[in-house]
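Asks:
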Amino acid sequence: MLNRHRSSVNLLPHDVVELILERLPVKSLVRFRSVSKTWKLTIETRRFQERQLIHRRQLRGPDILFVHIGDDGLKTDAGRLVFGSSVVHTFSFPTCCMSVCHGSCDGLVCLYTVYDSSVSVMVVNPATRWHQSLPLARIQQLFVDKISEGTFGSPCPILGFGKDKVKGTYKPVFLYNSSGFGLNNITTCEVFDFSTNLWRYVEPAAPYRIIVDHDPVYLDGSLYWFTECKETKVLSLDLHTETFQVICKAPFACVHYDPHSVSMCILDNCLCVSESNWPTQDIWLLDSSGGKKMCSIDLTNTLDWSGKYALLAIAILENNKLLLRARGYMQPLVIHDIHTKSYELLFKPNGCVGSVCYFQSLFSASSN
């Protein structure tokens, strides 16, 4: 029977076979690499992987990955939830006490910690189970040393993860305010280079201090942060040229008094920022001229599960539905209908998890 199927496949031109394969789910393609050497070589080419990801994006909405980061076991029946054209998956790693970078890049997810020198940074493809551990960045080693000495009191540095769109290479990035670690300059920036397997400094680093406790977000070849200025600005790092620039002022006043009242996210492939000013939270679409208000959220309807903190927007789904989550690793996932103003509890984790919006792919950080 198997030989008969293989004979039928061999009758098809290879370009037709490729068109069929690139429309299949990643799980099937991983298995089909063993069908023949030709199929394996095809599936592992960068060109095929790029086309597969394009088709996946066109097929349906993004998936949501709940990454288990605790060590108590994720006890939930919600291993796979479907809402509209999107799916929620739960995923566990053998390593605990890790944070998850905001968002994903080409289906790759980046996890890290600054509290344990044996863990460092891990880049993972949850769909294929490919992963690669990275050496400690200098700031991670410095933070671990401060912990062991009992002298640490600086904010935890937060990792960003994105892609140089020109070269197609992936780059984990630490950007942090220098003064908190006894370093010179206003900020310090470290970038990991997969070609050398080493971290290196980017000079000059950002010209403004950044607001700590905020995840940098990635979009279209750049990472973005909020600045700690009299007037809050949006700062970008071009991952190809490795240069910083201010792209615009934030559409709200200085947030030094309450940095948790604002957040940054990517919605429908656009850079967005939001501000919570009880009892409402506004979300803006950003461009070089400033912001255009997208919607307002009534926080009085979310008080039971989010408190008065700003909600984190994870993704915009079909039919103008917004996927939201409160701050913290044990907060539920909620769907908000922008038109009807209604809320639906989608998933409440029983353990510490980080949530990531992503599209399944075949990529690895070394597939360049």
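Heads up: the sequence shown at position 208 corresponds to 208 in full-length UniProt numbering, and the numbers run straight through without jumps. Here a beta-carbon is modelled for each residue, glycine too, at the ideal position from N, C-alpha and C. Here the structure is a predicted model, which is why all the values come from computation and not from measurement.
Alpha carbon to alpha carbon, how far is Asp220 from Pro25? Give it in angstroms, no decimals.
Replies: Whole-angstrom Cα-Cα distance: 24 Å.
Asks: For a test of your reading of the model: does the CB of Met264 fall under 7 Å from any non-hydrogen atom of the ligand ADP? Yes or no.
Replies: With respect to small molecules bound, the structure shown includes none, and the ligand ADP cannot be examined in it.
Asks: Taking buried to mean at least 16 other C-beta atoms within 10 Å of its own C-beta, is Pro204 buried or exposed?
Replies: Exposed: under 16 other Cβ atoms inside 10 Å.
Asks: If you reduce the DSSP assignment to three classes, tell me which class Thr113 lands in.
Replies: Of the three classes helix, strand and coil, the one that applies to Thr113 here is coil, per DSSP.
Asks: How many whole angstroms separate the CB atoms of Val114 and Phe161, which I take to be in contact at a CB cut-off of 8 Å?
Replies: The Cβ separation is near 15 Å, so there is no contact.
Asks: Measure from the alpha carbon of Leu271 to the alpha carbon of each residue in Asn277, Ser261, Leu285, Gln281, then state which is nearest.
Replies: Cα-wise, what sits closest to Leu271 is Leu285.
Asks: Name the two residues that bound the continuous alpha helix (DSSP H) containing Phe48.
Replies: Where Phe48 is concerned, the enclosing alpha helix (DSSP H) stretches over 46-59.
Asks: Establish whether the CB of Leu312 and some CB of chain B are separated by less than 8 Å.
Replies: No chain B is part of this structure, which consists of one protein chain only.
Asks: Who does Thr187 pair with in a DSSP beta bridge?
Replies: Partner(s): Asn177.
Asks: In angstroms with no decimal places, state the Cα-to-Cα distance between Leu21 and Thr128.
Replies: When rounded, the distance between both Cα atoms is 16 Å.
Asks: How would you write the range of the alpha helix (DSSP H) that Trp278 sits in, first residue to last?
Replies: Segment: none, Trp278 is in no alpha helix (DSSP H) and carries neither H nor E.
Asks: Exposed or buried, which one is Asp193 when buried takes at least 16 other CB atoms within 10 Å?
Replies: By the 10 Å Cβ count, Asp193 comes out exposed.
Asks: Spatial neighbours of His14 within its chain, please: C-beta separation below 8 Å, excluding the five flanking residues on both sides.
Replies: Excluding positions up to five away in sequence, the list reads Thr38, Thr42.
Asks: Expressed to the nearest angstrom, what Euclidean distance is found between the alpha-carbon atoms of Glu50 and His240?
Replies: Using only the alpha carbons, I get a separation of about 19 Å.
Asks: Report buried or exposed for Glu344, applying the criterion of at least 16 other Cβ atoms within 10 angstroms of its Cβ.
Replies: It is exposed - the Cβ of Glu344 has fewer than 16 other Cβ atoms within 10 Å.
Asks: Please state whether DSSP places Gln360 in a helix, a strand or coil.
Replies: Three-state result, Gln360: coil.
Asks: Quick test of your reading: Leu323 and Ile64, contact by CB under 8 Å. State the CB separation rounded to the nearest angstrom.
Replies: Between Ile64 and Leu323 the Cβ distance is about 7 Å, and since that is below 8 Å, they are a contact.
Asks: How would you write the range of the beta strand (DSSP E) that Thr42 sits in, first residue to last?
Replies: Note, Thr42: premise wrong, no beta strand (DSSP E); alpha helix (DSSP H) at 37-43.
Asks: Is Val121 closer than 8 Å to Leu134 when the C-beta atoms are compared?
Replies: Yes.
Asks: The alpha helix (DSSP H) with Asp164 in it runs from where to where?
Replies: Careful: Asp164 lies outside any alpha helix (DSSP H), inside the beta strand (DSSP E) at 159-164.
Asks: Using three-state DSSP, classify Val334 as helix, strand or coil.
Replies: In the structure shown, Val334 sits in a strand (DSSP, three-state: E or B).
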